[in-house]
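Some notes on the structure that comes next.
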Amino acid sequence: MTGAAMLILQGEARMMSLSTLTMQHTCWKEIKAHKPFDLALAACFPPALCPDGISRMEGLGKKCALLLPAGEQGLPWVKNLWKDLCDRYPFSGPRQLQTSFNYLTAAGRRPDLLHITAPFSVDLPFEHMLDFYADYFTLFDKTGPRVRAVIQREMEPFTNEGRVQTRGETCFGLICWDSGIRLPAGMCGGKNDAPGPGHG
Numbered sequence: 296m297t298g299a300a301m302l303i304l305q306g307e308a309r310m311m312s313l314s315t316l317t318m319q320h321t322c323w324k325e326i327k328a329h330k331p332f333d334l335a336l337a338a339c340f341p342p343a344l345c346p347d348g349i350s351r352m353e354g355l356g357k358k359c360a361l362l363l364p365a366g367e368q369g370l371p372w373v374k375n376l377w378k379d380l381c382d383r384y385p386f387s388g389p390r391q392l393q394t395s396f397n398y399l400t401a402a403g404r405r406p407d408l409l410h411i412t413a414p415f416s417v418d419l420p421f422e423h424m425l426d427f428y429a430d431y432f433t434l435f436d437k438t439g440p441r442v443r444a445v446i447q448r449e450m451e452p453f454t455n456e457g458r459v460q461t462r463g464e465t466c467f468g469l470i471c472w473d474s475g476i477r478l479p480a481g482m483c484g485g486k487n488d489a490p491g492p493g494h495g
């Protein structure tokens, strides 16, 4: 999350009178809490989708939840961008969802799985979208004029008067489970006394 996004969230929290809400802008491995949170939630966050990540979540919250894509990518240009620029399709949300659910089940966590379908709409300046995806694909060492040309080509069919516009429906899977932690105040964020996934 960027600093600008934090400022927006803080402004919305004030408008909603959420005076007890606090925020930490730091690496998630360095998050500290004076007592266990009621809920640790990771939304489409790859570092949480591994044994160490799940253990980290369970060290922060009494209950945990993972929100993951459960269907095809909603934005119509994303698959083509990945195919054209990275020579493969994006990571499978449904496969990640099934893997995470199976892992937690094997670890004895008895997770619940809920499916959520929601509409979405995009109406943003073309240059903003172009810069966003150009920056995004630098994470995969894809840079230069060709990258911007491919992004422009794929988004042009959805561009009207300088704005990228589309709408549709997307599906998510929400995995919820009880972490089982029982920590005294001040101990959260470290090791907990519950058996970790894959242990007794």
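Under the numbering used here, think of the first position of the sequence shown as 296, with each following residue one higher.
All residues carry an ideal CB built from backbone N, CA and C; glycine is no exception.
By alpha-carbon distance to Val459, the top candidate from Thr394, Tyr384, Tyr428 is Tyr428. Approximately 6 Å separates the beta-carbon atoms of Leu334 and Ala360; this is inside 8 Å, confirming the contact. DSSP places Ala299 in the uninterrupted alpha helix (DSSP H) bounded by 298 to 310. When the five nearest sequence neighbours on each side are left out, no beta carbon in the same chain lies closer than 6 Å to the beta carbon of Glu456. Taking the CA atoms as reference points, Pro385 sits about 11 Å from Asp379. Per DSSP, Pro440 is one residue of the alpha helix (DSSP H) stretching across 440 to 450.
A check of alpha carbon separations from His320 across Met301, Ala328, Phe332, Leu336 identifies Met301 as the nearest.
Under a 10 Å Cβ-count criterion, Ile470 is classified as buried, with 16 or more other Cβ atoms of the shown protein chains found around its own Cβ. DSSP places Arg351 in no beta strand (DSSP E) but in the uninterrupted alpha helix (DSSP H) bounded by 346 to 353. With fewer than 16 other Cβ atoms from the protein chains shown falling within 10 Å of its own Cβ, Ser314 counts as exposed. Secondary structure of Phe332 (DSSP, three-state): strand.
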